[in-house]
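Taken in order, the sequence shown gives residues 18 to 411; the numbers are from this note's numbering.
No residue lacks a Cβ here, since even glycine has one placed at the ideal position from N, Cα and C.
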Amino acid sequence: MIPFDLRSPTTGNALKPDSAHSLRDAEANERWPVIDGIPYLRIGRADLVARALVHLDAKEADAALALLLADQDDWWTGPLADPAELAELIAGRATATLRDAVRLLGWGRVGDYFLHRWSDPTYLAGLALLEAHWNDPICVFEFACGIGHYLRTLKQRGCKVAGADVVFAKLWVARHWVVGPGAQLVCFDAGSEHWPIPGAPVDLVVCNDAFYFLDDKATLLDNLRQNAGDDGWLALSHIHNSDRPGFSAGRAVSADEIAELFPDALVYDDDELTAALAAARAPSPRAPSELRGCEAFSVVAGPGMRPAPRSVIDGLTLPKAGADLVLNPLYRRDAAGAYRIAWPSERYEAEYARSVTYPLRSDGPEGLVFAGGVAAPEVGRVRSREFVDLPERW
Numbered sequence: 018m019i020p021f022d023l024r025s026p027t028t029g030n031a032l033k034p035d036s037a038h039s040l041r042d043a044e045a046n047e048r049w050p051v052i053d054g055i056p057y058l059r060i061g062r063a064d065l066v067a068r069a070l071v072h073l074d075a076k077e078a079d080a081a082l083a084l085l086l087a088d089q090d091d092w093w094t095g096p097l098a099d100p101a102e103l104a105e106l107i108a109g110r111a112t113a114t115l116r117d118a119v120r121l122l123g124w125g126r127v128g129d130y131f132l133h134r135w136s137d138p139t140y141l142a143g144l145a146l147l148e149a150h151w152n153d154p155i156c157v158f159e160f161a162c163g164i165g166h167y168l169r170t171l172k173q174r175g176c177k178v179a180g181a182d183v184v185f186a187k188l189w190v191a192r193h194w195v196v197g198p199g200a201q202l203v204c205f206d207a208g209s210e211h212w213p214i215p216g217a218p219v220d221l222v223v224c225n226d227a228f229y230f231l232d233d234k235a236t237l238l239d240n241l242r243q244n245a246g247d248d249g250w251l252a253l254s255h256i257h258n259s260d261r262p263g264f265s266a267g268r269a270v271s272a273d274e275i276a277e278l279f280p281d282a283l284v285y286d287d288d289e290l291t292a293a294l295a296a297a298r299a300p301s302p303r304a305p306s307e308l309r310g311c312e313a314f315s316v317v318a319g320p321g322m323r324p325a326p327r328s329v330i331d332g333l334t335l336p337k338a339g340a341d342l343v344l345n346p347l348y349r350r351d352a353a354g355a356y357r358i359a360w361p362s363e364r365y366e367a368e369y370a371r372s373v374t375y376p377l378r379s380d381g382p383e384g385l386v387f388a389g390g391v392a393a394p395e396v397g398r399v400r401s402r403e404f405v406d407l408p409e410r411w
């Protein structure tokens, strides 16, 4: 675990534990709730913070948890979580699956993305970006980490990992179903007046499929560079291109803005990264001006990045030897006994079908043990994500 020196998002003062379930800013006499080791430091939620602390102080941890699990980001357009279903999830969290959690939290199509992200082409692009510039970082921080897909892979490779997200429920799911107890997780807003983790230099800062959402990108980037320190590097993938209509909300950026924000970066087309992973080759960076028509940009920046990409052959992009893999759960068995892709939604198909790496039909089997390495007989089927390494309680 990376021991962050936490600061109040409203005052910038140091936060220290004043109970097993709260942090205090002693100078401002301000308190913040902590549940399952996850500090909740969102601004503009004073009433929610106060109500959660009342429950925690009264030893009503599940009631406080239900309040925080119902909180969403400002981009959320779906219905609010059903209180009865949240209660069901909280009561059954020790045996519930990740699929149960996603359903009971009411995440809808967002849940589809989370459940199948291990084979999404945009996720693979981020993995390829990391592998192409990998320099054996010890401590990795992921901003907007969601439910921890990258954190899980990085932790499996021996990294100390930490993650932050604006939605507490995502971090809670990461803790219980995806990453486990060995990660520092913090809930806070990118637009906080004070960055809650200013004194936390790490070797690598990661951000995937989120940077385009933020309003003040320059300030956020300054904070992330501060976390990377003098020797670390940044990997930001799937930054939507404002000149190419897409499927997600947010505030996309242009190629010119990428060049302005990242003057020291290598810039890639997301599709090029996914293709490089599938073909086990090095991805080719391009000048931002040459990528005006791409769907999304990916960048690496900072003094600690590798000066040139290497081939995406192994490392983060393949599971470890001996891993128990399952047939991609997007496959469904048809009447003839073959396995064919069944898209979870029309939107999912429209967004990803053109660029997926796995075949639309598979002969199975439903599981296999990966022999490991690039010479394994099944390596092509694993690299394409026809077979995937899922969490134990997926």
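What residue range is occupied by the uninterrupted beta strand (DSSP E) comprising residue i?
{"i": "P56", "result": "I55 to L58"}
{"i": "E307", "result": "That residue, E307, is in no beta strand (DSSP E); it is neither H nor E in DSSP."}
{"i": "V284", "result": "L283 to D286"}
{"i": "D273", "result": "Counting along the chain, D273 falls outside any beta strand (DSSP E), though it belongs to the alpha helix (DSSP H) covering A272 to L278."}
{"i": "N225", "result": "L221 to N225"}
If you drop the 5 nearest sequence neighbours on each side, which residues of the same chain put their C-beta closer than 7 Å to that of residue i?
{"i": "A113", "result": "L106"}
{"i": "N30", "result": "R24, D42, E44 and A45"}
{"i": "Y369", "result": "D137 and P138"}
{"i": "D220", "result": "P154, I155, C156, V157, G249 and G321"}
Of the choices the options, whose alpha-carbon is the least far from that of residue i?
{"i": "A355", "options": "G197, R378 and I275", "result": "R378"}
{"i": "G95", "options": "P300, V157, G123 and R410", "result": "G123"}
{"i": "R59", "options": "S259, I256, V184 and R110", "result": "V184"}
{"i": "A296", "options": "I330, V405 and A186", "result": "I330"}
{"i": "T170", "options": "V196, F404 and F158", "result": "V196"}
{"i": "D129", "options": "P408, Q173, E363 and P376", "result": "E363"}
{"i": "D233", "options": "N225, G246 and S209", "result": "S209"}
{"i": "G332", "options": "V396, R357, D64 and A352", "result": "V396"}
{"i": "Q201", "options": "L407, D406 and F21", "result": "F21"}
{"i": "A78", "options": "V66, I52 and R357", "result": "I52"}
{"i": "Q173", "options": "A186, K187 and P154", "result": "P154"}
{"i": "D88", "options": "A111, D182, C176 and T28", "result": "D182"}
{"i": "G125", "options": "A276, A149, L342 and W93", "result": "W93"}
{"i": "D351", "options": "G319, A272 and D380", "result": "D380"}
{"i": "A37", "options": "T28, L168, A108 and P50", "result": "P50"}
{"i": "P198", "options": "A304, R62 and G165", "result": "G165"}
{"i": "P408", "options": "Y140, K177, D99 and H193", "result": "H193"}
Is it the case that the Cβ atoms of residue i and residue j are separated by a distance below 8 Å?
{"i": "L86", "j": "A69", "result": "no"}
{"i": "A269", "j": "Y229", "result": "yes"}
{"i": "P394", "j": "T291", "result": "no"}
{"i": "A293", "j": "A145", "result": "yes"}
{"i": "V399", "j": "L347", "result": "no"}
{"i": "I19", "j": "W189", "result": "no"}
{"i": "N240", "j": "F158", "result": "no"}
{"i": "G180", "j": "C162", "result": "yes"}
{"i": "P26", "j": "F205", "result": "yes"}
Report all residues from its chain with a CB closer than 6 Å to the CB of residue i; omit the five preceding and five following residues, and keep chain order.
{"i": "A207", "result": "L231 and L237"}
{"i": "G321", "result": "D248, G249 and W250"}
{"i": "D286", "result": "L308 and C311"}
{"i": "A359", "result": "R349"}
{"i": "S254", "result": "A142, G143, L146, N225 and S315"}
{"i": "P326", "result": "A149, A299 and P300"}
{"i": "A252", "result": "L146, L147, V223 and V317"}
{"i": "P361", "result": "D129"}
Could you have a look at residue i and say whether DSSP puts it in helix, strand or coil?
{"i": "P20", "result": "coil"}
{"i": "H133", "result": "helix"}
{"i": "G384", "result": "strand"}
{"i": "R169", "result": "helix"}
{"i": "N258", "result": "strand"}
{"i": "A80", "result": "helix"}
{"i": "G180", "result": "strand"}
{"i": "S315", "result": "strand"}
{"i": "W151", "result": "coil"}
{"i": "A252", "result": "strand"}
{"i": "A39", "result": "The sequence given here has Ser at residue 39, not Ala. Strand, per DSSP."}
Provide the residue span of the alpha helix (DSSP H) that contains residue i, from first to last.
{"i": "E16", "result": "Residue 16 cannot be examined here, being either before or after the span of the chain that is shown, 18 to 411."}
{"i": "V190", "result": "F185 to V190"}
{"i": "H72", "result": "A63 to D74"}
{"i": "V396", "result": "V396 to R400"}
{"i": "P100", "result": "P100 to A108"}
For residue i, which residues from the same chain have a beta carbon less than 8 Å from its beta carbon, with the 5 sequence-adjacent residues on both sides left out?
{"i": "R116", "result": "L132 and W411"}
{"i": "L103", "result": "A83, L86, A87, L121 and L122"}
{"i": "V386", "result": "G339, A340, D341 and L342"}
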